[in-house]
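Those protein sequence lines, which keep their order, are chains A and B. When you line the first sequence up against the working numbering, it's residues 52 to 394, in that order. When you line the second sequence up against the working numbering, it's residues 10 to 170, in that order. All residues carry an ideal CB built from backbone N, CA and C; glycine is no exception. Since the model is a prediction, treat every value here as computed from it, not as a measurement. First comes the structure, then the notes that go with it.
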Amino acid sequence: MAWYEPYRITPPWWQSQGKIVASTRARFTRNIEGHRFPQGMDDKERESILNEITLSIKDMVSEFKNTVIDTNIKRDFFVERHVLSKDSQKNIALFTDHTEEESYLINDRDHLRFQITMPDNALFDVFSLARERLRTLEKEFNFSYSDAFGYLTSSLTNTGTGFRLSALMFIPGIFLARETEKILALLVKAPIVLRGLFGGHSEIKGNYLQISTKFTLSMGIEDDLRMLDEVVKALSETEEKSRNILLSEAHLELEDRISRSLAILESARIMSYDESLEHLSILKFASQLGFEGIPDEKTINRLIFWSSPSHIASLEDFELKDEEIDIKRADFIRKHLFRDYED
Amino acid sequence: MHKELCEICGKRPAEVEFVEIVDGKKVVMHLCKICANRKANGLPLLLTEEIEEDSALICPNCGTSLSQIKQTLQVGCPVCYDTFRGVIKDLLKKLQGSASFTAQIDLKTSEEKDLVVMKYRLKKELDKAVKNEDFERAAKLRDEIENIDKRLKWLGTNPTE
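Here you go:
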């Protein structure tokens, strides 16, 4: 079986419908005491860490699936699945439960990084489940810790709690109503990091904005939860307002924009990823606003997820040349836009 | 992909497309990995001379040099934190606005903590009930929250709201 067969599904956490908060995620980074961090470890040490952590995960997570990320193709694929970052190392072991709500990375930059992701605004739930998992792991491992710095991690941006909480916001209203500047000015003052769809330095695309907690030395994990919850609420309110303004003051322009996006998706023969994201996210917006003649949001979500380059390539067993990917993407979207399909 | 030099240091090859929103406008810069990483974290630029000087200082446990740490903002092992304590404190101060660990991360569950968590959950449900004008449920939730507050008070925690 090809390594990507178990990943033919659209993860349920991506299937948020009618919501401004598309998904929420909690993440912990930990290292096991008495070892160097993965980049400086030899094969033997890597293997012993891998075996040790694997055993605990198998006990904890039912129905897991796993793979080793050892090629660039696999790395890109899992970056697109939001379980890896672009600057990940080679030979990382990835464990997830079958829905990919829980994912565990072993021997990336740190011995263990795990995350819980859920659809909609589930900050409290991802927080609680992540904490629960950490509690279980703490019974089995002594994690590297110092009184001065807290939990020791390879990246100085994680030192302390090693904890990050984030929300992926779907805010086309703010972008279309040109409220972006106001929002960014407001958010810059909060202790948060703003990112694009795939984290890191990725560009803001498809009207998605990722906001995540920033300070791991001075902000406690419960403070993170309270703070992010407030920011998410404020941003959601602004998005609602922007949507109302668009609907009441720019209805025709909005309708025009939506119809054009639909027409392009229905007729294009060659389509870049950025273009597909732009138009599919407009359709997602239209569907949320209740416009007629639009594919259902579940279908649009799937198309957004599967239009990313590696996912399109995986449909043809990674045998496509770069220029063929844009053709396959256009075909794939045209074919499925108005036809329900199962993964 | 890019053959030109980094737009910040002008010395190392540009490898990263760095996108920023400045005054509401998108600005794209082509940077080397070192400058991109430092810029993303709001740190000043690293001079080439500085990098050479620091490569001589090495962690005895993992062999990571100080210049590597300054460039990547990554350390090689827990011992690095002790070996380069001063520099790491400086970097943390710039990155995180704080150089020492003051965050609360007590994972041990206690009655207080469980109650606080439960209260948080109930408050959310209360919001929902009020929004849906389900006043019967809202009243019940308020009672439950009040009971939690009483218990918290008894346990010595002062409910803040």
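By the neighbour-count definition (other C-beta atoms within 10 Å, threshold 16), Val239/A is an exposed residue. At least one CB of chain A lies nearer than 8 angstroms to the CB of Ala112/B. The straight-line gap separating the alpha-carbon atoms of Lys103/B and Phe93/B is approximately 16 angstroms. Gly213/A and Arg78/A have their alpha carbons spaced roughly 8 angstroms apart. Considering only Lys233/A, Ser217/A, Gly247/A, Asp377/A, the residue with the shortest C-alpha distance to Leu316/A is Asp377/A. Counting of Cβ neighbours within 10 angstroms places Phe144/B among the exposed residues, the total staying below 16. Here Lys162/B carries a helix assignment [DSSP, helix/strand/coil].
Around the C-beta of Gly72/B, fewer than 16 other C-beta atoms lie within 10 Å, and the residue is accordingly described as exposed.
Residue range 272-300 is occupied by the alpha helix (DSSP H) that includes Met278/A. Between Leu207/A and Ile114/B, the gap from beta carbon to beta carbon reaches 8 angstroms or more. At least one CB of chain B lies nearer than 8 angstroms to the CB of Glu273/A. Taking 8 angstroms as the cut-off, the Cβ atoms of Phe165/A and Ser154/A count as close.
Around the beta carbon of Met92/A, a 10 Å sphere encloses 16 or more other beta carbons of the protein chains shown; the residue is thus reported as buried. One finds Cys71, Thr73, Gln83, Gly85 in chain B with Cβ atoms closer than 9 angstroms to the Cβ of Gln90/A, taken in chain order. Counting along the chain, the unbroken beta strand (DSSP E) around His39/B starts and ends at 34-40. Secondary-structure assignment with DSSP links Met169/A through a beta bridge to Thr75/A.
When C-alpha distances from Val72/A are compared across Ser361/A, Arg390/A, Thr289/A, the shortest belongs to Thr289/A. Nearest neighbour of Ile321/A by Cα position, chosen from Pro57/A, Lys379/A, Phe369/A, Ser359/A, turns out to be Lys379/A. CA-CA distance, Asn70/B to Asp148/A, rounds to 36 angstroms. Counting only residues of its own chain and dropping the five nearest sequence neighbours on each side, Met111/A has a CB closer than 8 angstroms to the CB of Arg184, Thr187, Leu188.
The beta carbon of Phe192/A lies closer than 6 angstroms to those of Ile83 in the same chain, with the five residues before and after it left out. Listed along chain B, no residue sits closer than 8 angstroms to Gly341/A by beta-carbon distance, the nearest being about 20 angstroms off. Here Ala319/A has Ala381 as same chain residues with Cβ atoms under 6 angstroms from its own Cβ, once five neighbours each way along the sequence are excluded. The C-alpha of Arg47/B lies about 11 angstroms from the C-alpha of Phe27/B. The Cβ-Cβ distance between Asn172/A and Pro89/A does not fall below 8 angstroms. Distance between Val244/A and Lys125/A, taken at the CA atoms: about 27 angstroms. Chain B places no beta carbon closer than 8 angstroms to that of Ser312/A, leaving this residue out of the contacts.
Listed along chain B, the residues sitting closer than 7 angstroms to Phe200/A by beta-carbon distance are Tyr90, Phe110. The beta carbon of Phe194/A lies closer than 7 angstroms to those of Arg81, Asn82, Ile83, Glu84, Tyr202 in the same chain, with the five residues before and after it left out. Chain B places a beta carbon closer than 8 angstroms to that of Met270/A, counting this residue as a contact.
Put simply, the segment 257-269 of chain A touches the segment 214-228 of chain A. At least three CB pairs are less than 8 angstroms apart. For Asp94/A, the three-state secondary structure derived from DSSP is helix. Chain B places no beta carbon closer than 8 angstroms to that of Glu374/A, leaving this residue out of the contacts.
At a cut-off of 8 angstroms, the C-beta of Gly51/B has no neighbouring C-beta in chain A.
An exposed status is given to Ser113/A, since fewer than 16 other beta-carbon atoms sit within 10 Å of its beta-carbon.
At least one C-beta of chain B is nearer than 8 angstroms to the C-beta of Arg160/A.
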